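First comes the structure, then the notes that go with it.
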Amino acid sequence: MLSLSAAVVEKPWGGSRLWPFFGKPEQLSHDSIGEVWLVSTVGEDVRHSRILSGNEAGRTLRDLISSDPGLTLGVDFVEIGKHGDFPLLFKWIDARHDLSVQVHPDDALVQEMGIGETGKEETWLIIDSEPGATVRAGFTEGWSLARLLEAVSAGADIEDALHRFPVGPGDLVHVPPGTVHSIGSGILLAEIQQPSDITFRIHDGETLGADGQPRELHLNEAARIESAGMPLVLRSDGFVENVWEKRISATSYEITDLRGSWEGPVPLPSDRCSILTCLAGRAEISCEDGPSAEILQPGEVRLVLPGEGEITLETLEKGWFAIFAPVLGPS
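In the working numbering, the protein residues as written are 1355 to 1685.
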C-alpha cells in the first residue's frame, strides 16, 4: 500500500470545508479552495501525486507507473500506463457556491477534436450537505442541449432546464459523459472519474475568475456533444450496513463500498491496482506484506498495487470506506 500526497486546486466557487481534512497550505493568501486531488497524474506537475511511504517515497506516481506499468497498474493496463498515466482521478470537492452548468465529452469526441485521449465519466459520493442542497442533471421535459445553448446565447432564463435532485450524506450520483449537470452550493463530495480535466462550460451565473472577469464559456464545443440523458442517483437509505457491496459498474471504473463496521479482509481486486479510501469514520488497516498497521482517516487514500498480500481493515469508528478499481472500457 502506498500513501500519496494531495494537491490543492483553487476554484472561485470553493469554500473552506476541506481544511480540517487536508490542512491549509501556507502559500495561499485566502481561505477558499474548491478541490483537493488525492490520486492524480492529470494536468500540471504540481497536481501530480507523489509517493509518501515505502521504498518509492519521493517519486511521482507518474514516474512509478512509467517505470513499470504492468507492476503498478496491472498487465491489462500496460498500454494506458506506458507514458505514466494513472487510469483514474480521485478528488474531494467543496462547493460553497453553485458550480457552472457544464458537460463533459466522451473518449470518442475528445479524440475527434484532438484535445486528448480520455473523456470524463464521473461519480459523486456525497460526504456532507447543507439542508436543501441539490445537484442538477439531465433535461426536464421540453428541454434539450440545443434549446439550452440557444437560451444561454440569448440570455434567457434556464432555471428550469435541468432536474434537481436533493442529496444528503452517503448518496451516490453517477454522471455519464454527455449529461449536462451542475453541483449546487453547500455540498462536500468525493469524485472518482476518468483521468481528464476537460469541461465544456455552458452557463456560469455570476461567477468570476481569478482575474475578476467572467469565465469563458464553451458553447460551440458543447454543441458537439451527444446528450447522454439522466444521471443515476443511489440513495444512502437503501444500503445495507456492515457489508462490502459493489455500487457502480461504470465504463471506466467500479465502486465498492462499506457503510458501518467491519473486521476482516478487504475485497480488493488482485489483478489490477485500486484506491482504498476513508470517507467517514476511522479504521486500522494492515497488509500481510507490510511492516505494521496504519490508521486510515477521512480524506486519506492508499494506492494498492496488483498482487499485494491480503489487506485487512478493522473499523475504529463506524464509517464509510470505498474501493475504486479501474476497468477497461469497450475497445
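Idealized CB from N, CA, C, for every residue including glycine.
Remember, it's a predicted structure, so these values are computed and weren't measured experimentally.
8 Å contact criterion, which residue i and residue j should meet: CB distance rounded
| i | j | result |
| --- | --- | --- |
| W1478 | L1392 | At roughly 15 Å, the Cβ-Cβ gap does not stay under 8 Å, so W1478 and L1392 are not in contact. |
| G1644 | M1355 | 6 Å |
| L1573 | V1506 | 7 Å |
| C1641 | G1673 | No, C1641 and G1673 are not in contact; Cβ-Cβ is about 20 Å, not under 8 Å. |
| F1493 | A1515 | 6 Å |
C-beta atoms of residue i and residue j nearer than 8 Å
| i | j | result |
| --- | --- | --- |
| E1475 | Q1548 | yes |
| P1652 | A1637 | no |
| L1562 | P1374 | no |
| I1602 | L1542 | no |
| I1546 | V1620 | no |
| S1394 | A1361 | yes |
| S1727 | G1540 | Since the displayed the chain opens at 1355 and closes at 1685, residue 1727 lies outside it and no answer follows. |
| A1577 | P1530 | no |
| L1612 | F1675 | yes |
| I1689 | L1682 | With the chain covering 1355 to 1685 only, the question about residue 1689 has no answer from this structure. |
| L1415 | H1402 | yes |
| S1624 | A1679 | no |
| L1499 | I1512 | no |
| E1595 | G1614 | yes |
| S1357 | S1420 | no |
Exposed unless 16 or more other CB atoms sit within 10 angstroms - verdict on residue i
| i | result |
| --- | --- |
| I1405 | buried |
| H1437 | exposed |
| L1670 | exposed |
| A1449 | buried |
| E1654 | buried |
| G1388 | buried |
| V1400 | exposed |
| E1495 | exposed |
| G1663 | exposed |
| S1685 | Residue placement at S1685 cannot be trusted, given a pLDDT of 43 that sits under 50; what the coordinates show is reported in the next sentence. Under this definition S1685 is an exposed residue. |
| A1544 | buried |
| V1729 | Here the chain covers residues 1355 to 1685 and nothing more, so residue 1729 does not appear. |
| D1525 | buried |
| I1558 | Note that residue 1558 corresponds to Asp in the displayed sequence, not to Ile. Classification of D1558: buried, given that the 10 Å Cβ count is 16 or more. |
| D1591 | exposed |
| I1469 | exposed |
| I1677 | buried |
| V1390 | buried |
| P1485 | exposed |
| G1336 | Any question about residue 1336 goes unanswered here, given that the chain covers just 1355 to 1685. |
| I1556 | buried |
| V1396 | buried |
| G1368 | buried |
heavy atom of the ligand SAH below 7 Å from residue i C-beta
| i | result |
| --- | --- |
| H1557 | The model depicted lacks the ligand SAH and carries no ligand whatsoever. |
Whole beta strand (DSSP E) elements within the stretch 1390 to 1466, 3-residue minimum: Listed in chain order, the complete beta strand (DSSP E) runs (minimum 3 residues) inside the stretch 1390 to 1466 are 1443 to 1449 and 1455 to 1457.
Could you tell me whether the stretch 1519 to 1536 touches the stretch 1422 to 1429, using the rule of 3 or more Cβ pairs below 8 Å? These segments do not touch.
Do the stretch 1579 to 1589 and the stretch 1605 to 1620 meet, that is, are 3 or more Cβ pairs less than 8 Å apart? The stretch 1579 to 1589 is not in contact with the stretch 1605 to 1620.
Are three or more beta carbon pairs between the stretch 1549 to 1564 and the stretch 1441 to 1455 nearer than 8 Å? The stretch 1549 to 1564 is in contact with the stretch 1441 to 1455.
Would you call the stretch 1507 to 1526 and the stretch 1487 to 1494 touching, i.e. three or more CB-CB distances under 8 Å? The way I'd put it, the stretch 1507 to 1526 does touch the stretch 1487 to 1494; three or more beta-carbon pairs between them come closer than 8 Å.
Using 8 Å as the Cβ pair cut-off and three pairs as the minimum, do the stretch 1453 to 1467 and the stretch 1657 to 1667 touch? No, they do not touch.
Pick out the complete beta strand (DSSP E) segments inside the stretch 1540 to 1571, 3 residues or longer, and give them in chain order. With a minimum length of 3 residues, the continuous beta strand (DSSP E) runs that stay inside the stretch 1540 to 1571 are 1541 to 1547 and 1554 to 1557.
Could you give the uninterrupted runs of the beta strand (DSSP E) lying entirely in the stretch 1625 to 1662, keeping only those of 3 residues or more? Fully enclosed beta strand (DSSP E) runs of 3 or longer: 1628 to 1641, 1648 to 1650 and 1655 to 1658.
Could you give the uninterrupted runs of the beta strand (DSSP E) lying entirely in the stretch 1482 to 1517, keeping only those of 3 residues or more? For the stretch 1482 to 1517, whole beta strand (DSSP E) runs of length 3 or above, ordered along the chain, are 1488 to 1493.
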